[in-house]
Amino acid sequence: SLPIVAIIGRPNVGKSTVVNRLAGGREAIVFDQPGVTRDRTYQPAFWQDREFMVVDTGGLVFDDDTEFLPYIREQALAALVEAAAAIFVVDGQTGPTEGDREIATWLRQQPVPVLLAVNKCESPDQGLVQSAQFWELGLGEPHPVSGIHGNGTGELLDALVAHL
Ligand code: GDP
Ligand code: MG
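Here the sequence shown stands for residues 2 to 165, where the numbers follow UniProt numbering.
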């Protein structure tokens, strides 16, 4: 079976946009369950000679108290358990938040390689400055990307497939 790459991060950082970019617009396979509004979706992706599945999750929230919180967290955990690697998506326009730090602390304890994608970095020059703020998360090199424009995703995928 194909290696699975879990996409983790707070709501609205652009996880779904990045997933669609990495998967090149291939249709998501949605595992629908009655009453479940935020299930995981799996999208096949290809890079170099590698094929893998990208799993989008509803979002990992530690601070925010919503009625979906336990379910969202459960989905992120479930996605990570079966994953060969994870991409932690953060928002380059907001900089690191307390929620990012909590997720990073948790991810550093997980037995999978984690790539740090700093999304919303449309401008290459600004992107370097925006992404450099995220070294503090202790997850190695921050990769500036723009899910909307597509820049940086080639470098991110190069780094990713080295772990698959
Ligand atoms: P998710 O909740 O993490 O899945 O985030 P979404 O993919 O739904 O995106 C949340 C918001 O961020 C939307 O308004 C997107 O248009 C916006 N967004 C996503 N990717 C980018 C990006 O690369 N650049 C900018 N400027 N906005 C983005
Ligand atoms: Mg989403």
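Don't be surprised by glycine CBs; every beta carbon is placed ideally from N, CA and C.
request  = With hydrogens ignored, establish whether the beta-carbon of aspartate 57 is closer than 7 Å to any heavy atom of the ligand MG.
outcome  = Within the sequence shown, the letter at position 56 stands for residue 57. Correct: aspartate 57 has its Cβ closer than 7 Å to the ligand MG.
request  = Could you please give the first and the last residue of the uninterrupted beta strand (DSSP E) stretch that includes phenylalanine 117?
outcome  = Position 116 of the sequence shown, counting from 1, holds the residue named residue 117. Note that residue 117 is leucine in the sequence shown, not phenylalanine. Segment 115-120, the beta strand (DSSP E) holding leucine 117.
task = Starting from the Cα of threonine 106, find the closest Cα among Trp136, Ala79, Gly128 and Phe53 and give me that residue.
result = Taking the first residue of the sequence shown as 1, we reach residue 106 at position 105. The shortest C-alpha separation from threonine 106 is found at Trp136.
ask   = Based on Cα-Cα distance, which residue from Ile9, Pro145, Ala163 and Ala24 lies nearest to glutamine 94?
value = Along the sequence shown, read from residue 1 onward, the residue named residue 94 stands at position 93. It is Pro145.
query = Okay, do the region 82-97 and the region 109-118 touch, 3+ Cβ pairs below 8 Å being the bar?
reply = yes
task = Go to aspartate 92, then tell me how far its beta strand (DSSP E) extends in each direction, as first and last residue.
result = Within the sequence shown, the letter at position 91 stands for residue 92. First-last of the beta strand (DSSP E) with aspartate 92: 86-92.
ask   = Is any heavy atom in the ligand MG found nearer than 7 Å to the beta carbon of lysine 16?
value = Counting from one through the sequence shown, the residue named residue 16 turns up at place 15. Answer for lysine 16: yes, Cβ within range of the ligand MG.
Exposure label - proline 143; buried when at least 16 CB within 10 Å = Stepping through the sequence shown from its first residue, residue 143 is reached at position 142. Proline 143 should be labelled buried.
message = Quick check: the Cα distance between glycine 36 and glycine 100, rounded to an integer number of angstroms?
response = Residue numbering aside, residue 36 sits at position 35 when the sequence shown is read from its first letter. Residue numbering aside, residue 100 sits at position 99 when the sequence shown is read from its first letter. The predicted position of glycine 36 is uncertain, since its pLDDT is 42 and thus under 50; a value taken from the coordinates is nonetheless stated next. Answer to the nearest angstrom: the Cα atoms are 27 Å apart.
inquiry  = Just to confirm my understanding: we take asparagine 21, look at its own chain, exclude 5 residues before and 5 after, and list those with CB closer than 8 Å. What are they?
reply    = In the sequence shown, the residue the question calls residue 21 occupies position 20. Contacts found: Gln44 and Gly148.
query = Does the ligand GDP have even one heavy atom less than 7 Å from the beta-carbon of residue 1?
reply = With the chain represented from 2 up to 165, any question about residue 1 goes unanswered, as that position is not in the structure.
query = Between the Cα of lysine 16 and the Cα atoms of Leu140, Val90, Ile104 and Asp50, which residue gives the shortest distance?
reply = Translated into the one-based positions of the sequence shown, residue 16 becomes position 15. Minimum Cα distance to lysine 16 is reached at Val90.
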